[in-house]
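S.K.: Got a structure here, written out as structure tokens. Questions coming.
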Amino acid sequence: MTIDINKPWDSLRELIERRSVKELLVFFDSLSPQDTALVLSRLDEDERTNLLTIISPEDAADLIEDVSDEQAALIIGELTPVEAGRIVDEMSSEQMVDVLGKLDTDEAEEILQSMPQESAEPARTALNYPKDTAGYLMIPDFLSYEQGTSIAEVNKDLQANQEIYRTYNIQYIYVVDSKSKLVGVMRIHDLLFSAGTSLLQEIMIQNPFRVSGDALLDDVSESFSQHNLLALPVVDRDNVLLGIVLPLAVEEAKRERTVKHFLWLSGIVGGEEFRSMPLLKRSSRRLSWLSLNIVLNIIAASVIAMYQDTLAAAITLAVFLPMVSDMSGCSGNQAVAVSLRELSLGLLRPGEILRVAFKESTLGLINGVLLGILLGFVAFLWKGNIFLSLVIGTALAGNTLVAVTVGGILP
Numbered sequence: 003m004t005i006d007i008n009k010p011w012d013s014l015r016e017l018i019e020r021r022s023v024k025e026l027l028v029f030f031d032s033l034s035p036q037d038t039a040l041v042l043s044r045l046d047e048d049e050r051t052n053l054l055t056i057i058s059p060e061d062a063a064d065l066i067e068d069v070s071d072e073q074a075a076l077i078i079g080e081l082t083p084v085e086a087g088r089i090v091d092e093m094s095s096e097q098m099v100d101v102l103g104k105l106d107t108d109e110a111e112e113i114l115q116s117m118p119q120e121s122a123e124p125a126r127t128a129l130n131y132p133k134d135t136a137g138y139l140m141i142p143d144f145l146s147y148e149q150g151t152s153i154a155e156v157n158k159d160l161q162a163n164q165e166i167y168r169t170y171n172i173q174y175i176y177v178v179d180s181k182s183k184l185v186g187v188m189r190i191h192d193l194l195f196s197a198g199t200s201l202l203q204e205i206m207i208q209n210p211f212r213v214s215g216d217a218l219l220d221d222v223s224e225s226f227s228q229h230n231l232l233a234l235p236v237v238d239r240d241n242v243l244l245g246i247v248l249p250l251a252v253e254e255a256k257r258e259r260t261v262k263h264f265l266w267l268s269g270i271v272g273g274e275e276f277r278s279m280p281l282l283k284r285s286s287r288r289l290s291w292l293s294l295n296i297v298l299n300i301i302a303a304s305v306i307a308m309y310q311d312t313l314a315a316a317i318t319l320a321v322f323l324p325m326v327s328d329m330s331g332c333s334g335n336q337a338v339a340v341s342l343r344e345l346s347l348g349l350l351r352p353g354e355i356l357r358v359a360f361k362e363s364t365l366g367l368i369n370g371v372l373l374g375i376l377l378g379f380v381a382f383l384w385k386g387n388i389f390l391s392l393v394i395g396t397a398l399a400g401n402t403l404v405a406v407t408v409g410g411i412l413p
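Here the sequence shown is numbered in the working numbering, starting from 3 and rising by one per residue.
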């Protein structure tokens with residue numbers, strides 16, 4: 003069939019109606035990940051559900067891999083727990099946690115209960131940790147052997163399970179004791195060039211660096227920077243090896259956090275928003291911010307109302323009010339942008355509120371005074387009233403100081 007490049011979703015609807023699995027797979031193979039996300043967003047809920055039940059769970063998982071985690075969670079949430087479980091079971095362990103983590107806790111648990119225990123348990127363990135922690139970011143796909151295992155036995159296991167291990171991101175081999183507690187790590191180089199009779203405990207690096215499952219994102223990121231590792235082992239309080247964290251997962255989590263902060267500052271709370279989301283969900287996310295904004299504006303209006311007699315006597319003040327508000331708002335946005343950029347580059351940590359407040363308040367005081375003098379001078383030239391110019395200049399200086407300080411610490 004001919005695909006309309008301007009509206010490929012119309013062609014997709016026709017294929018869904020015909021239930022042509024082969025043509026559906028060819029259709030999606032011809033699309034880029036961006037186009038895949040686009041056409042899926044143009045389908046309604048019933049059409050997406052039909053699509054994912056027509057093709058195999060493995061193909062459905064590959065398809066969902068091309069869209070964002072938020073959109074993937076939206077699509078998975080439209081299915082029954084059993085249908086969703088079949089697809090989620092075909093995902094990589096990392097994507098499984100990312101997608102299920104976007105769903106409500108009860109909804110995610112229903113899907114996990116419909117899956118095989120060996121697939122569901124690692125994801126359930128990760129989801130029990132708070133987001134932006136090592137436990138949440140870890141993956142269970144790693145190689146570990148008891149310390150009494152020989153090199154020959156390791157090689158034999160690698161050969162026997164090569165199809166499974168082929169999908170792993172193997173950087174190190176971890177050595178544990180009989181209780182699965184981490185005792186050492188071994189490089190692939192050591193595996194290749196050690197005698198087959200050698201035991202892991204003889205050639206392993208003892209007491210390797212590790213992080214706890216509760217370690218925060220910034221601490222994990224700093225650990226990668228300081229130790230120059232390709233993977234970090236994650237342990238529980240008893241030093242039992244749970245999984246590993248990869249640098250890419252940390253960077254993606256930091257980018258996602260930055261996007262979330264940007265959306266929050268733009269008035270979009272609760273995560274990313276897509277126009278394919280349910281209308282009421284989108285409405286509630288926006289109203290939560292807009293409702294608060296109404297309250298803030300009422301407070302601001304009430305302050306002006308308290309001085310309406312003064313404004314009536316000096317109408318010039320009303321002319322300068324929007325200028326004072328706009329200038330201080332611009333200054334605040336500058337501080338917000340700098341904080342977001344420093345956070346994204348790892349130059350700023352969330353706990354450094356006092357440091358940021360001091361630096362921004364100092365800058366805000368300098369800029370506020372200079373801008374206040376400038377605007378006050380303009381007011382004096384216009385009206386020739388020194389008292390009026392002092393009021394306007396002081397108002398701008400104070401507003402700028404507060405806006406810059408709050409803007410700097412808000413992210």
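Quick reminder that beta carbons are idealized off the backbone N, C-alpha and C, glycines included. None of the values given here were measured: they were computed from a predicted structure.
Taking contact to mean at least 3 C-beta pairs separated by less than 8 Å, is the segment 135-154 in contact with the segment 175-191?
M.R.: Verdict: yes, contact present.
S.K.: For Thr-407, count neighbouring Cβ atoms within 10 angstroms of its own Cβ and tell me buried if that reaches 16, exposed if not.
M.R.: When all chains shown are included, Thr-407 counts as buried.
S.K.: Using only CA atoms, which one of Asp-91, Val-101, Met-93 and Glu-92 lies nearest to Ile-77?
M.R.: Among Asp-91, Val-101, Met-93 and Glu-92, the Cα nearest to that of Ile-77 is on Val-101.
S.K.: Return the Cβ separation of Ala-125 and Val-84 in integer angstroms, given the expectation that the two are a contact with Cβ distance under 8 Å.
M.R.: Not really, about 16 Å apart at Cβ, beyond 8 Å.
S.K.: CA-CA distance, Ala-255 and Ile-246?
M.R.: Looking at the two C-alpha atoms, the distance is approximately 15 Å.
S.K.: By a C-beta neighbour count over all protein chains shown, 10 Å radius and 16 as the cutoff for buried, is Phe-322 buried or exposed?
M.R.: Looking at its Cβ environment, which holds 16 or more other Cβ atoms inside 10 Å, Phe-322 is buried.
S.K.: Hey, how far is the Cα of Gln-73 from the Cα of Met-308?
M.R.: Straight-line Cα distance between these residues: approximately 48 Å.
S.K.: What number of angstroms, rounded off, separates the C-alpha of Ala-86 from the C-alpha of Leu-26?
M.R.: The alpha-carbon atoms of Ala-86 and Leu-26 are separated by roughly 19 Å.
S.K.: Short check: CB of Ser-236 to CB of Met-140, under 8 Å?
M.R.: For the record, residue 236 in the displayed sequence is Val; it is not Ser. Yes, the Cβ-Cβ distance between Val-236 and Met-140 is below 8 Å.
S.K.: Could I get the ranges of all uninterrupted beta strand (DSSP E) runs contained in the segment 112-184, with 3 residues as the minimum, in chain order?
M.R.: List check, beta strand (DSSP E) in window: 145-148 and 174-178.
S.K.: Under a three-way DSSP split, which group does Gly-428 fall into?
M.R.: In the structure as shown, the chain begins at 3 and stops at 413. Residue 428 is therefore absent and cannot be evaluated.
S.K.: Roughly how many angstroms separate the alpha carbons of Ile-66 and Glu-19, rounded to a whole number?
M.R.: In a straight line, the C-alpha of Ile-66 is about 20 Å away from that of Glu-19.
S.K.: Assuming Phe-382 contacts Ile-375 (C-beta within less than 8 Å), just tell me the rounded distance between them.
M.R.: Not really, about 10 Å apart at Cβ, beyond 8 Å.
S.K.: With burial defined as no fewer than 16 other Cβ atoms inside 10 Å of the residue's Cβ, what is the status of Val-23: buried or exposed?
M.R.: With fewer than 16 other Cβ atoms within 10 Å, it is exposed.
S.K.: Smallest Cα separation from Leu-412: which of Glu-354, Ala-399, Phe-379 and Gly-400?
M.R.: For the residues Glu-354, Ala-399, Phe-379 and Gly-400, the minimum Cα distance to Leu-412 belongs to Glu-354.
S.K.: Roughly how many angstroms separate the alpha carbons of Asn-241 and Leu-184, rounded to a whole number?
M.R.: For Asn-241 and Leu-184, the distance between alpha carbons rounds to 6 Å.
S.K.: Curious, which full-length alpha helix (DSSP H) runs of at least 4 residues does the segment 340-392 contain?
M.R.: As far as the segment 340-392 is concerned, its whole alpha helix (DSSP H) runs of at least 4 residues are 355-385.
S.K.: How many Å lie between Leu-456 and Val-69 at the Cα?
M.R.: Nothing about residue 456 can be reported from this structure: the residues present for the chain run from 3 to 413 only.
S.K.: In chain order, what residues of the same chain have a beta carbon less than 6 Å from the beta carbon of Pro-249, not counting five sequence neighbours either side?
M.R.: Counting only Cβ-Cβ distances below 6 Å, and skipping sequence neighbours, we find Phe-226.
S.K.: Nearest-angstrom Cα distance between Arg-277 and Thr-260?
M.R.: Per-residue confidence for Arg-277 stands at a pLDDT of 47, beneath the threshold of 50, marking its modelled position as unreliable; the derived number appears in the next sentence. Rounded to whole angstroms, Arg-277 to Thr-260 spans 21 Å at the Cα level.
S.K.: Contact defined as beta carbons within less than 8 Å: I believe Thr-151 pairs with Leu-194. What is the distance between those atoms, to the nearest angstrom?
M.R.: Not confirmed; about 16 Å, so no contact.
S.K.: Buried or exposed: Glu-253, going by 16 or more other Cβ atoms within 10 Å of its Cβ?
M.R.: Its Cβ having fewer than 16 others within 10 Å, Glu-253 is exposed.
S.K.: Going by the CB atoms, is the gap between Ser-391 and Gly-366 shorter than 8 Å?
M.R.: It is not a contact, given that the beta carbons lie outside the stated cut-off.
S.K.: In this structure, how does DSSP classify Glu-19 when only helix, strand and coil are distinguished?
M.R.: Glu-19 falls in the helix class under three-state DSSP.
S.K.: Could you name the residues that DSSP lists as bridge partners for Val-326?
M.R.: Beta-bridge pairing links Val-326 to no other residue.
S.K.: Leaving out five residues on either side along the sequence, give the residues of the same chain with a beta carbon under 8 Å from the beta carbon of Arg-155.
M.R.: The sequence shown places Glu at residue 155, rather than the Arg named in the question. Closer than 8 Å at the Cβ level, and outside the excluded window around Glu-155, lie Tyr-147.
S.K.: Between which two residues does the beta strand (DSSP E) harbouring Gly-245 extend?
M.R.: Note, Gly-245: beta strand (DSSP E), 243-247.
S.K.: Going by DSSP, which residues form a beta bridge with Pro-235?
M.R.: Bridge partners of Pro-235: Ile-246.
S.K.: Tell me whether Ser-180 is buried or exposed, calling it buried when 16 or more other Cβ atoms sit within 10 Å of its Cβ.
M.R.: That one is exposed.
S.K.: Tell me which residue opens and which closes the alpha helix (DSSP H) that Val-90 is part of.
M.R.: Counting along the chain, the alpha helix (DSSP H) containing Val-90 begins and ends at 83-90.
S.K.: From the DSSP secondary-structure annotation, give me the bridge partner or partners of Arg-189.
M.R.: Its beta-bridge partners are Tyr-174.
S.K.: Going by the beta-carbon positions, is the gap between His-263 and Leu-342 smaller than 8 Å?
M.R.: Contact flag set, yes.
S.K.: Could you check where the alpha helix (DSSP H) with Pro-59 kicks off and where it finishes?
M.R.: Unbroken alpha helix (DSSP H) run through Pro-59: 59-66.
S.K.: Which class does Leu-194 belong to by DSSP, given the choice of helix, strand or coil?
M.R.: DSSP places Leu-194 in helix when its eight states are reduced to three.
S.K.: Would you mind stating whether Leu-403 and Gly-370 have Cβ atoms separated by less than 8 Å?
M.R.: A contact, by the Cβ cut-off of 8 Å.
S.K.: Decide if Gly-410 is buried, meaning its Cβ has at least 16 other Cβ atoms within 10 Å, or exposed.
M.R.: Label assigned to Gly-410: buried.
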